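Chains as they are written, first to last, in this note's numbering: chain A, -7 to 477; chain B, 12 to 106.
Each remark here refers to the structure printed beneath this line.
Following this line, the structure appears as structure tokens:
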């Protein structure tokens, strides 16, 4: 077996038993990148030299008989909006094309302490705005299951690279579905942790009351392993919760007997691809067979989630992106007469059309004339959506839904912003309420494209999610299929 | 709601963006279609509903006021698009 095909836990076992070296593992992954990157286009930066050097250092530790972390020597990719000291972090934007952060994000610091090995920075929709990675200023990443299709987004490179064997796992960020949707489109496990469970320090801000960093992995065990390392309070991010971090691996039990799974009324009716619906129904039946109790729940305000999300997220984004002024870092226009012209030309030349659209929408809804009707209204409906979930979690342990209404669509297929936004209809409500959610593979459609199942938990109930997801995985083999590249 | 050209011009200025005539046309269409969709929110009565600014009950986070190392100025200045050794260069803003 090629080493790049291993999961984290498989590779860790081989490394610990000294059956393989970290260098062999890194070389296998780097060779895979060399061979197929021309087809997949997942990376903005490849850090091959540093990766091999780090692998050597870890092999020395192992030879010295040191006990190693489950992530030691594991090749990883990182979404290009998470700061890596001395390594370009571009957000796939012309604005930050040459930006080299002078510091590591907290999640990177933690992964480095555990000796995970960075192999590169991954393509994304510009500033994480999009659902297909087509908004990257640099290139289109392709879905390894079908190269004419999108890998999803905004963490498209993060998902494509892992399923293609170019990294054993990756980090993504999720503001409205940007980890779960690409994980679903690429047949992977993607976890959006509870808001505030993982530090945002060093994550380039999109919408600060929604953003969260999380793992994209080949299976649920790997997901728990990465979450163990990245979760926890960080003094550099005051929105991280001061709550102890569990050992998430203790949740990996093949058992859902008596677990109460909520099925939202009406979620499986309209606007849903029929093959996705069939797969979700099969998943529900499997859970029932395994002893879970299925309970219909009502989320009456779910239909308002998308406008609430776009109003608040764009309002926050218009503020987050006000910092790009061409002065301290990033792009600056060449030719200007005064400061205002410098700002305007810099921003107009370096931001792509979706970024401009969202900044303008954001500034529009917080403007004096429309603040009450749009922004304040959306904040209030946000409360109603949160209350719906709170009520549901009085009755159930987890909520089940599709991750996306369809499987991966074709590159260039969705041209209107509203069409693209609708692909996030099942993921967005979760971010509005700050809840944790996981997407796991639950089938393939007639085109051989993966279908994702979403499980949503109450605040800080990642363990319940992992247990339900792990049980499903133990009783199916969708996660074992690989694309042929 | 229907967005006008004046709305787009004002919001472009507030966003510190310059739009071409074509971009203005597209912005009118896009913002109108998104806001018309958002008008759905007006169906709900929210008079007695408190807004949610953030989801966790975290308020007033304190820490000790300790001196910690700051970043190296030289390293920071390397990212500046136009600078001297230790200053950012900007157009003159006072006469």
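We put the CB at the ideal spot given by N, CA and C, even for glycine.
In this text, all values refer to a predicted model and were calculated from it rather than measured experimentally.
Checklist line | Residues from the stretch 56 to 71 of chain B in contact with chain A, defined by Cβ distance under 7 angstroms | finding: 57, 60, 61, 62, 63, 64, 65, 66, 67, 69
Margin query: Check whether the stretch 54 to 63 of chain B and the stretch 364 to 372 of chain A touch, using three or more Cβ-Cβ pairs below 8 angstroms as the test.
Written below: Output reads yes: the stretch 364 to 372 of chain A touches the stretch 54 to 63 of chain B.
Note to self: By the 7 angstroms beta-carbon criterion, what residues does the stretch 199 to 226 of chain A contribute toward chain B?
What the structure shows: 201
Checklist line | Residue nearest to residue 60 of chain A in terms of C-alpha spacing, selected from A/68, A/70, A/49 | finding: Here residue 60 of chain A corresponds to residue number 68 of the first chain, with the count starting at 1. The option with the nearest alpha carbon to residue 60 of chain A is A/49.
Item checked: Bridge-paired residues (DSSP) for residue 446 of chain A -> In the first chain, the residue the question calls residue 446 of chain A occupies position 454. Partner residues in the beta bridge of residue 446 of chain A, as assigned by DSSP, are A/393, A/431.
Item checked: Environment of residue 479 of chain A [buried if 16+ CB atoms lie within 10 Å] -> What the structure shows of chain A is the stretch from -7 to 477, and residue 479 of chain A is not part of that stretch, so it cannot be assessed.
Check: Between residue 39 of chain A and chain B, is there a C-beta pair that is closer than 7 angstroms?
Finding: Counted from its first residue, the first chain places residue 39 of chain A at position 47. So no, residue 39 of chain A is outside the interface.
Next item on the list: With 7 angstroms as the limit, tell me which residues of the stretch 28 to 51 of chain B have their beta carbon closer than that to any beta carbon of chain A; keep them in chain order.
Entry: Listed in sequence order: 28, 29, 38, 41, 42, 44, 45, 48, 49, 51.
Next item on the list: Give the residues of chain B in contact with residue 231 of chain A, contact being defined as C-beta atoms less than 9 angstroms apart.
Entry: Along the first chain, one-based indexing puts residue 231 of chain A at 239. Chain B residues near residue 231 of chain A: 65, 67, 69, 72.
Check: Nearest-angstrom Cα distance between residue 129 of chain A and residue 9 of chain A?
Finding: One-based indexing of the first chain puts residue 129 of chain A at position 137. One-based indexing of the first chain puts residue 9 of chain A at position 17. Straight-line Cα distance between these residues: approximately 44 angstroms.
Note to self: Could you check whether residue 132 of chain A and residue 143 of chain A sit closer than 7 angstroms to each other, using their CB atoms as the reference points?
What the structure shows: Taking the first chain and counting its residues from 1, the one referred to as residue 143 of chain A is at position 151. Taking the first chain and counting its residues from 1, the one referred to as residue 132 of chain A is at position 140. No, these two residues do not count as a Cβ contact at 7 angstroms.
Check: Are the stretch 147 to 155 of chain A and the stretch 202 to 221 of chain A touching by the rule of at least three beta carbon pairs closer than 8 angstroms?
Finding: yes
Next item on the list: With distances taken Cα to Cα, identify the nearest neighbour of residue 237 of chain A among A/17, A/454, A/2.
Entry: Looking up residue 237 of chain A in the first chain gives position 245. Looking at the Cα atoms, A/454 is the closest of the given residues.
Note to self: I want to verify the contact list: residues of chain B whose CB lies under 7 angstroms from the CB of residue 375 of chain A, in sequence order.
What the structure shows: By one-based count along the first chain, residue 375 of chain A stands at place 383. Those within 7 angstroms of residue 375 of chain A in chain B are 60, 61, 62, 63.
Margin query: Between which residues of its own chain and residue 467 of chain A is the CB-CB distance below 8 angstroms, once the five residues before and five after are set aside?
Written below: One-based indexing of the first chain puts residue 467 of chain A at position 475. So the qualifying residues of the chain are 246, 278, 282.
Next item on the list: Could you check which residue in A/20, A/32, A/227, A/290 has the C-alpha nearest to that of residue 257 of chain A?
Entry: Translated into the one-based positions of the first chain, residue 257 of chain A becomes position 265. It is A/290.
Checklist line | Pair within 7 angstroms by beta-carbon distance, residue 40 of chain A and residue 74 of chain A | finding: Residue 40 of chain A sits at position 48 when you count from the first residue of the first chain. Residue 74 of chain A sits at position 82 when you count from the first residue of the first chain. It is not a contact, given that the beta carbons lie outside the stated cut-off.
Checklist line | chain B contact residues for residue 410 of chain A, given Cβ-Cβ distances below 9 angstroms | finding: Along the first chain, read from residue 1 onward, the residue named residue 410 of chain A stands at position 418. Residues of chain B passing the Cβ test: 41, 44, 45, 48.
Margin query: Classify residue 337 of chain A: buried if its beta carbon has 16 or more other beta carbons within 10 angstroms, exposed otherwise.
Written below: Counting from one through the first chain, the residue named residue 337 of chain A turns up at place 345. Under a 10 Å Cβ-count criterion, residue 337 of chain A is classified as buried, with 16 or more other Cβ atoms of the shown protein chains found around its own Cβ.
Next item on the list: Kindly indicate which residue of A/126, A/223, A/469, A/53 has the alpha-carbon position closest to the one of residue 163 of chain A.
Entry: The residue labelled residue 163 of chain A in the question sits at position 171 within the first chain. Residue A/223 is the option with its Cα nearest to residue 163 of chain A.
Notebook entry, point to check: What are the start and end residues of each continuous alpha helix (DSSP H) run of 4 or more residues lying completely inside the stretch 341 to 425 of chain A, in chain order?
Noted result: 345 to 358, 369 to 387, 409 to 414, 420 to 425
Next item on the list: Using a Cβ cut-off of 7 angstroms (strictly closer), state whether residue 355 of chain A contacts chain B.
Entry: Taking the first chain and counting its residues from 1, one reaches residue 355 of chain A at position 363. At least one CB atom of chain B sits nearer than 7 angstroms to the CB of residue 355 of chain A.
Notebook entry, point to check: Residue range of the alpha helix (DSSP H) that residue 304 of chain A falls in?
Noted result: Along the first chain, one-based indexing puts residue 304 of chain A at 312. Counting along the chain, the alpha helix (DSSP H) containing residue 304 of chain A begins and ends at 297 to 312.
Check: Are the Cβ atoms of residue 66 of chain A and residue 0 of chain A separated by less than 7 angstroms?
Finding: One-based indexing of the first chain puts residue 66 of chain A at position 74. One-based indexing of the first chain puts residue 0 of chain A at position 8. For the pair residue 66 of chain A and residue 0 of chain A, the CB atoms are nearer than the 7 angstroms cut-off.
Notebook entry, point to check: Are three or more beta carbon pairs between the stretch 17 to 34 of chain B and the stretch 422 to 431 of chain A nearer than 8 angstroms?
Noted result: Because the criterion of three Cβ pairs below 8 angstroms is not met, the stretch 17 to 34 of chain B and the stretch 422 to 431 of chain A do not touch.
Notebook entry, point to check: Which residues mark the beginning and the end of the alpha helix (DSSP H) in which residue 80 of chain A is found?
Noted result: In the first chain, the residue the question calls residue 80 of chain A occupies position 88. Careful: residue 80 of chain A lies outside any alpha helix (DSSP H) and carries neither H nor E.
Margin query: Less than 7 angstroms between the C-beta atoms of residue 148 of chain A and residue 174 of chain A, yes or no?
Written below: Stepping through the first chain from its first residue, residue 148 of chain A is reached at position 156. Stepping through the first chain from its first residue, residue 174 of chain A is reached at position 182. Closer than 7 angstroms, so yes.
Next item on the list: Output the residue ranges of the beta strand (DSSP E) runs that lie fully inside the stretch 211 to 292 of chain A and measure 3 residues or longer, sorted by chain position.
Entry: 252 to 256, 285 to 289
Item checked: For residue 135 of chain A, the residue or residues it bridges with in DSSP -> As a working mapping, residue 135 of chain A is identified with position 143 in the first chain. According to DSSP, residue 135 of chain A bridges with A/138.
Checklist line | Cross-chain neighbours of residue 299 of chain A in chain B, by beta carbon under 7 angstroms | finding: Here residue 299 of chain A is taken as the residue at index 307 of the first chain, counted from 1. Neighbours of residue 299 of chain A on chain B, chain order: 48, 49, 51, 52.
Next item on the list: Determine the burial state of residue 117 of chain A: buried for a count of at least 16 other Cβ atoms within 10 Å of its Cβ, exposed for fewer.
Entry: Numbered from 1 along the first chain, position 125 holds the residue referred to as residue 117 of chain A. It is buried - the Cβ of residue 117 of chain A has at least 16 other Cβ atoms within 10 Å.
Check: Pairing CB atoms from the stretch 86 to 104 of chain A with CB atoms from the stretch 177 to 194 of chain A, are three or more of them under 8 angstroms?
Finding: yes
Notebook entry, point to check: Could you give the distance in angstroms between the alpha-carbon of residue 33 of chain B and the alpha-carbon of residue 406 of chain A?
Noted result: Residue mapping note: residue 33 of chain B aligns to position 22 of the second chain, counting from 1. Residue mapping note: residue 406 of chain A aligns to position 414 of the first chain, counting from 1. If I take the Cα positions, the gap works out to 20 angstroms.
Next item on the list: From the DSSP output, read off the bridge partner residues of residue 162 of chain A.
Entry: By 1-based counting over the first chain, the position of residue 162 of chain A is 170. According to DSSP, which records beta bridges pairwise, residue 162 of chain A is partnered with A/69, A/208.
Item checked: Neighbour flag for residue 82 of chain B against chain A, beta carbons, 7 angstroms -> Within the second chain, residue 82 of chain B is the residue found at index 71, counting from 1. It does; some Cβ of chain A falls within 7 angstroms.
Item checked: residue 447 of chain A and residue 390 of chain A closer than 7 angstroms at C-beta -> In the first chain, residue 447 of chain A corresponds to position 455, counting from 1. In the first chain, residue 390 of chain A corresponds to position 398, counting from 1. Result yes, Cβ atoms of residue 447 of chain A and residue 390 of chain A sit closer than 7 angstroms.
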